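Peer 1: This is the structure I want to talk about, given as structure tokens.
Numbering (my numbering), first residue to last: 1 to 760.
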């Protein structure tokens, strides 16, 4: 029915004459119907144009479209000329209403102005999305991923998924083969990115934002410990009214990137630096390390922060300062070049801290890799491993996106150099030679204790450590005096002989004071027992002396027992008992701490069942070390109970099997961070098999299902054969029993016959 009506209506866009006839027929209808019909005909004409190849048809349809477009333009122009008359009439009506309303009308005008100002403020805010994203072709997709690099992982995934959805919708409407192939290439890049995103668990690296009020409270509590970069971040966060999404398009001061990228970069270093730091003290207040993260609107425990850290609202003064900054930024556009040069000189006069990373590192080819290793020689082992693992992961990502064979070969050669270095690194267990830095306050206090025994080189090191404000990572770029190397290399070189010397000496003397060798180490910002040192600096001198007096009195009690009266002996015994009880309590606390650490390690690397480990041992064959064999034997001796391993000492080690397992697993996790766990045949890879022999797998459910299912199948086949043999035996028994019963029945019948004969 609808189709016949459309055909009989006489409307069309075949050529110019048909379009004019259509407009003539539409004059009989109302204005709204005419406008909608012409727009619908234009849309249909565009769709027909995309499917038509005949040139004469295309020319005729375009002429008809020009007629319709001209008609719509004339209609819009006539509307604009009619509008002012309506406005004038409305103004007159408003004036009449104002004359009768009085004060109420003035109040409503103020409300309208406030609403307008609020709308204008919202319009002035930057956009929430990142510009320059697209899926036109491969180059556009790669540019999109470069634009998203360093931003929040959740936003990266959301943006890429949105682009894939849009690309699929565009594909349904497109018939151009080149366009389709280009969009499909872009989609392949995006899908590969999402696969890597899920496999690397990048969503765990997302740093969720805290509310602006909590950040302001943290800034007040931090006081003078807020850096200029953090201050400018908080100002930018306030300028977007706490809407963190808008920071994606706000350029950071003195940077080529936006604030969201700068924030993630700074938080990465802070999370590595304070990985084991406490977040809250005994009063449920954030620690100094936690405050540094809060100033970047992040906390590992946001729920607890919201509970114990109140929000601070924006003051009027802060609001005025923000408006002044807006006015200054708008006025700065009209400033003269002389004023701009003055501003740049003022900014240059402020002291800039050296960077935290070592320059000149790369993986372009084998020569670049060797140059990287030379640049890392002598530096902190932990930093060496971190840098090389980062370079290797970046190189693997570049390999996936590179098509040139020569470039791939060069990068693979560089990766081989890095792999060889890391194998040697793990075999030497070089990570144990790492010397973690002490805080700057501890070094300064040790300098006061040392007095005149501080060498010139140590003084220069402490001055350099103070110049970078205690941020030890920046010492990697501070050149030592009269040396060709930086301070981190000099420090590690000087600490080597001191560590050998102190290996046979004590850290504290009999009076509980620091020894000279220990003080010399602390002057290089290192101590083998950081906990005892922090306890030493935390407890006052008078308290330490009082403790020594109590211990001396306890010793005197034992020596003078013969010369004392019964009452004095009892009092001394009570003091010795109290001291012994305190010591026992301290020992029990240390044991409980050790147990808690062991439990935490078990949670991070749970044990596989004993059957799965034995099955993995069978599959490994000859590719199993003696240590792994000994561990499997110990696990079997414990009956598959992990608690038994906590009391069994490892062969050739001074530690239990539980400690050795956790140590080896941490090395394997770092070594095979990016390795695949299963082959195409769903079997465990050799790297995964090494972890299985230590009763651990990142995918325990899948491994248990895979290994135990095979064993169950073998058991079922054995049980099937056993069932067959048992069924055969039972059938034979039944047959023999039937024969016996039949023979007994025959004998009974014979006896009855004889008895009948006898009676007769």
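All residues carry an ideal CB built from backbone N, CA and C; glycine is no exception. The structure presented is a predicted model; accordingly, all values stated were derived computationally and were not measured.
Are the C-beta of residue 607 and some C-beta of chain B separated by less than 8 Å?
Peer 2: Absent from the structure: chain B. Only one protein chain is present.
Peer 1: Taking the straight line between their C-alpha atoms, what separation do you get for residue 75 and residue 44?
Peer 2: Whole-angstrom Cα-Cα distance: 20 Å.
Peer 1: Secondary structure at residue 13, three-state DSSP: helix, strand or coil?
Peer 2: It is coil, neither helix nor strand.
Peer 1: Once the 5 residues before and after residue 184 are set aside, which same chain residues still bring their CB inside 6 Å of it?
Peer 2: Here the set comprises nothing.
Peer 1: Per the contact definition of three or more C-beta pairs closer than 8 Å, is the segment 165 to 179 in contact with the segment 369 to 389?
Peer 2: With a cut-off of 8 Å, the segment 165 to 179 and the segment 369 to 389 do not count as touching, because too few Cβ pairs lie within range.
Peer 1: Near residue 312, what residues of its chain come up, given a Cβ to Cβ distance below 6 Å and the 5 sequence neighbours on each side ignored?
Peer 2: So the list reads 213, 216, 217, once near-sequence residues are dropped.
Peer 1: Would you mind sorting residue 293 into buried or exposed? The rule is 16 or more other CB atoms within 10 Å of its CB.
Peer 2: Buried is the call here.
Peer 1: With DSSP run on the structure shown, which of helix, strand or coil describes residue 514?
Peer 2: Residue 514 falls in the strand class under three-state DSSP.
Peer 1: Do residue 361 and residue 387 come within 8 Å of each other at the CB atom, strictly closer than that value?
Peer 2: Yes, these two residues count as a Cβ contact at 8 Å.
Peer 1: Which of helix, strand or coil does DSSP assign to residue 469?
Peer 2: DSSP places residue 469 in coil when its eight states are reduced to three.
Peer 1: Just to confirm my understanding: we take residue 480, look at its own chain, exclude 5 residues before and 5 after, and list those with CB closer than 6 Å. What are they?
Peer 2: If we look at residue 480 and ignore the five residues flanking it on each side, its Cβ neighbours are 487, 490.
Peer 1: According to DSSP, simplified to helix, strand and coil, what is residue 178?
Peer 2: Helix at residue 178.
Peer 1: Specify the secondary structure class of residue 104 as computed by DSSP and reduced to three states.
Peer 2: Low confidence applies to residue 104: its pLDDT is 43, below 50, so where it sits in the model is not reliable, and the reading given next is rough at best. Helix at residue 104.
Peer 1: Count the other CB atoms within 10 Å of the CB of residue 201; is the residue buried (16 or more) or exposed (fewer)?
Peer 2: When all chains shown are included, residue 201 counts as exposed.
Peer 1: Write down the C-beta distance between residue 203 and residue 256 rounded to the nearest angstrom, noting that I regard them as a contact closer than 8 Å.
Peer 2: Incorrect: roughly 27 Å between the Cβ atoms, too far for contact.
Peer 1: Considering only the alpha carbon of each residue, which of 399, 516, 276, 151 lies closest to residue 413?
Peer 2: Checked all of 399, 516, 276, 151; the closest Cα to residue 413 is 399.
Peer 1: Let me confirm a value: residue 521 is counted as buried when at least 16 other C-beta atoms fall within 10 Å, else exposed. Which label applies?
Peer 2: Classification of residue 521: buried, given that the 10 Å Cβ count is 16 or more.
Peer 1: Pull up the CB-CB distance for residue 497 and residue 430, whole angstroms please, since I reckon it's below 8 Å.
Peer 2: Actually they do not touch by this definition, with Cβ atoms about 18 Å apart.
Peer 1: Can you find at least 3 beta carbon pairs, one from the segment 240 to 249 and one from the segment 180 to 200, that sit closer than 8 Å?
Peer 2: At 8 Å Cβ cutoff, the stretches do not touch.
Peer 1: Can you tell me whether residue 58 is buried or exposed, with buried defined as 16 or more other CB within 10 angstroms of its CB?
Peer 2: Exposed.
Peer 1: With a threshold of 16 other CB atoms inside 10 Å of the CB of residue 239, please say whether the residue is buried or exposed.
Peer 2: By the neighbour-count rule (16 or more Cβ atoms within 10 Å), residue 239 is buried.
Peer 1: How many Å lie between residue 367 and residue 409 at the Cα?
Peer 2: If you take the alpha carbons of residue 367 and residue 409, they lie about 13 Å apart.
Peer 1: What number of angstroms, rounded off, separates the C-alpha of residue 35 from the C-alpha of residue 20?
Peer 2: Roughly 15 Å separates the two Cα atoms.
Peer 1: Start and end of the alpha helix (DSSP H) containing residue 250?
Peer 2: Element bounds for residue 250: n/a, residue is neither H nor E.
Peer 1: Just to confirm, are residue 152 and residue 225 a CB contact at a threshold of 8 Å?
Peer 2: Contact: no.
Peer 1: Can we say the segment 435 to 454 touches the segment 515 to 530, given the rule of at least three CB pairs closer than 8 Å?
Peer 2: Segments in contact, yes.
Peer 1: Taking the alpha carbon of residue 299 as the point to measure from, which residue in 264, 657, 140 has its own alpha carbon closest?
Peer 2: Closest by alpha carbon: 264.
Peer 1: Measuring CB to CB, does residue 667 end up less than 8 Å from residue 518?
Peer 2: No. Outside cutoff.
Peer 1: From residue 401 to residue 142, what does the alpha carbon distance come to, in whole angstroms?
Peer 2: Taking the straight line from one Cα to the other gives about 9 Å.
Peer 1: Could you please give the first and the last residue of the uninterrupted alpha helix (DSSP H) stretch that includes residue 285?
Peer 2: Note, residue 285: premise wrong, no alpha helix (DSSP H); not H, not E.
Peer 1: In this structure, how does DSSP classify residue 317 when only helix, strand and coil are distinguished?
Peer 2: Here residue 317 scores only 49 on pLDDT, less than 50, and its place in the model is too uncertain to base an answer on.
Peer 1: I'd like to confirm the pairing. Which residues does DSSP put opposite residue 678 in its beta bridges?
Peer 2: DSSP lists 684 as partners of residue 678.
Peer 1: Quick one: Cα of residue 493 to Cα of residue 461, how far?
Peer 2: Spanning the two alpha carbons is a distance of roughly 13 Å.
Peer 1: Give the single residue among 687, 516, 678 whose Cα lies nearest to the Cα of residue 671.
Peer 2: With distances taken between Cα atoms, residue 671 lies closest to 687.
Peer 1: If you compare alpha carbons, which of 435, 588, 511, 450 is closest to residue 526?
Peer 2: With distances taken between Cα atoms, residue 526 lies closest to 435.
Peer 1: With residue 656 and residue 665 assumed to form a contact (beta carbons below 8 Å), what rounded beta-carbon distance in angstroms separates them?
Peer 2: Not really, about 14 Å apart at Cβ, beyond 8 Å.
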